[in-house]
Amino acid sequence: MLLESASALLHGNYISAIATSIFLVLVSQAYYQIFINPLGKYAGPKFAAISRIPQLYHTFKGDLLEWTSGLHSLHGDVIRIAPDELSYATGEAWKGIYGHATAGKPVTEKDPRFYGPSFNGAPDIIRGNGPDHARFRRNFSHAFSDRALREQQSLICRYVDTLVHSLQKTIKQDPNAKINMVRMLNLTTFDIMGDLTFGDSLNLLAGTGNLNWVSAVFVSIKANAVRRLARYVPWTSPIAQRLIPKELKQQSIAHYEASQELVDKRIDGDHTLQKPDIWGIVMSQKEELRLSRSEMYANSQVFMVAGTETTATALSGLLYHLLTTPEKMKIIVEEVRETFKKDSDIDMRSLERMPYLNACIEEGLRIYPPVPVGLPRIAPNEGLLVCGEHIPGKTVLSVHHWSTYRNAQNFRLPNQFIPERWIGDEFATDNKAAFQPFSFGPRNCIGKNLAYHEMRLILAKVLYNFELSLLPESIGWEKQKTFFLWEKNDLMVQLKARK
């Protein structure tokens, strides 16, 4: 009896000692993060300073954008959103975090925990380290140059014309048809990028293609938000994997396999490699610069996400804001229809010279950036100078697009859609350098030229041919969740042939 009592007492003391030890470790870690860590001087929630739980919670919830922007509104331009992470809402930070290397400043690398590996583990232009990224950039820069894209004008116009014809057919069959412009814009950008990437049409606008191309993209983005938990907290990996529904995993696999099959068909098939699409240009490079087949697979997936979803998102947001500001819509429609006498006159070069159309595109990207969150980089071991302050090595840093563009210190009347801020002197005090929707520095978006050409052509041809009105069910469309990209609501409109 005595032995049993002693054993129970010792067991109880043992459990108590373990619990006390764990408690003391947690308290000491919290004390370090708040009072000793050099990042402790930056404002932000104390819980976020000691744990990444708040950030991950809002990531899963889909309101990380609101959480981060709310903290910036409360605490200012620089906030601490995790024990090792700072978020900026000032244009000054672009150069320090994302800028080119200088004598005393190396280039920052991307945070692999945020992005994760490619589907097949091969490096790609988004995830590749410095040397890999430079090699990819050198290969792909020719394909995305302004000159190469002008050669592809007929290809891009063909799909935009298909969009217009599809819309005309729909309203001819039913003048009161409700049309989801988010869907139509997605089909268009996927068809364009599919042809540029694989040298063949996906036939989505034609109605004979596999719509999994469109649905699988956002599925993979959302699944990656869940997998991010396992990358930040490795022991949660089994839990994170179970949180992803089986059908989502299958869709991601099918998307990769379809990309792989089309790359193989493009390279090994009967197509001439001299065709000026992406792989035709890449394969014309010197052999030592060429990509391996696995790198081609990985990069083709990047193009089918970064070159499709973001452009369609930008156009959707711009259309919505034009539809909710009729006075702005009137000005841009008049500019388009007065510039071109007929649809076939609309071309890339002329569109570049249209001030109000281009101002609307810039303002659309500002008020509804396709990638509204911050893209994290890691400070080198020796630290980094950002906005005049030394940041410790291995700190994660980013400029938060949404908060920066909605910051009244950068833009006057930041929450209003005002294309005029990009032309004339009325908004000359706006900090235009803070606006970097395609990121900044040597790793900015290589598809910037393509995106602008697509947006101009699609917007101009739609506005030239149709009168648009927003349907009641899409009022408040901009209230959306974000999982790195926007989880867009349907944008329901009614179209009429232009008068």
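The opening residue of the sequence shown carries number 22 in our numbering; numbering runs sequentially from there.
Don't be surprised by glycine CBs; every beta carbon is placed ideally from N, CA and C.
Item                                                                                                                                                              : Value
From F140 to D84, what does the alpha carbon distance come to, in whole angstroms?                                                                                : 26 Å
By alpha-carbon positions, which one of H163, D511 and P196 ends up nearest to R204?                                                                              : D511
In this structure, how does DSSP classify E410 when only helix, strand and coil are distinguished?                                                                : strand
So for Y109, helix, strand or coil by DSSP?                                                                                                                       : strand
Just the Cα atoms here: how many angstroms apart are V99 and L86?                                                                                                 : 15 Å
In chain order, what residues of the same chain have a beta carbon less than 7 Å from the beta carbon of G230, not counting five sequence neighbours either side? : L223 and N224
Is there contact between the region 63 to 76 and the region 381 to 390, where contact requires at least three CB pairs shorter than 8 Å?                          : no
Taking the alpha-carbon of A110 as reference, which of I192, T80 and W423 has the nearest alpha-carbon?                                                           : W423
How is the beta strand (DSSP E) around W507 delimited, first residue to last?                                                                                     : L506 to E508
Could you check the C-alpha separation between N465 and P127 for me, to the nearest Å?                                                                            : 16 Å
Report, in whole angstroms, the separation of the C-beta atoms of P130 and I399, which I expect to be a contact under 8 Å.                                        : First, the residue type needs correcting, since residue 130 is Glu and not Pro in the sequence shown. Yes, they are in contact, since the Cβ atoms of E130 and I399 sit about 5 Å apart, within 8 Å.
My parser needs the alpha helix (DSSP H) runs of 4 or more residues fully inside the region 382 to 446; what are they?                                            : 422 to 426
For L85, would you say it is in contact with chain B, using Cβ-to-Cβ distances shorter than 8 Å as the test?                                                      : Chain labels in this structure do not include chain B; a single protein chain is all it has.
Are there three or more Cβ pairs, one per stretch, closer than 8 Å when the region 435 to 447 is compared with the region 406 to 423?                             : no
Under 8 Å, with one C-beta from each stretch per pair, do the region 470 to 490 and the region 180 to 197 reach the 3-pair mark?                                  : yes
What residue range is occupied by the uninterrupted alpha helix (DSSP H) comprising K351?                                                                         : P347 to T360
Are the CB atoms of F461 and G137 nearer to each other than 8 Å?                                                                                                  : no
Per DSSP, M513 is paired with what?                                                                                                                               : N201
From which residue to which residue does the beta strand (DSSP E) around E499 run?                                                                                : Careful: E499 lies outside any beta strand (DSSP E) and carries neither H nor E.
Considering Cα atoms alone, identify which of V357, I302 and G151 is closest to N486.                                                                             : V357
Where does S490 fall in DSSP's three states?                                                                                                                      : strand
K587: buried (16+ other C-beta within 10 angstroms of its C-beta) or exposed?                                                                                     : Residue 587 cannot be examined here, being either before or after the span of the chain that is shown, 22 to 520.
R519 by DSSP, collapsed to three states: which one?                                                                                                               : coil
Does the Cβ of S495 have 16 or more other Cβ atoms within 10 Å, making it buried, or fewer, making it exposed?                                                    : buried
If you follow the alpha helix (DSSP H) that R156 is part of, which residue opens it and which one closes it?                                                      : G151 to F161
Whole angstroms is fine: what's the gap from R179's alpha carbon to S371's?                                                                                       : 17 Å
What separation, rounded to the nearest whole angstrom, lies between the Cα atoms of D221 and W234?                                                               : 14 Å
Which residue wins for smallest C-alpha separation from S166, given the options T334, R519, S108 and H474?                                                        : H474
What is the rounded straight-line gap between the Cα of Y253 and the Cα of A246?                                                                                  : 11 Å
Counting C-beta neighbours from all protein chains within 10 Å, is the total for P144 16 or more, i.e. buried, or is it exposed?                                  : buried
Tell me which same chain residues have a C-beta within less than 8 Å of the C-beta of G65, skipping the five on either side of it?                                : L92, H96, I100, R101 and I102
For T209 and I467, what's the separation of their Cα atoms in angstroms?                                                                                          : 20 Å
Please determine, among V394, S419 and E383, the residue with the shortest C-alpha to C-alpha distance to K453.                                                   : E383
With C-beta atoms as the reference, is I118 less than 8 Å away from S337?                                                                                         : no
When you compare each of L339, L312, P493 and V394 to D153 by their alpha carbons, which one comes out closest?                                                   : L312
Would you report the Cα separation of A335 and F448, rounded to the nearest angstrom?                                                                             : 23 Å
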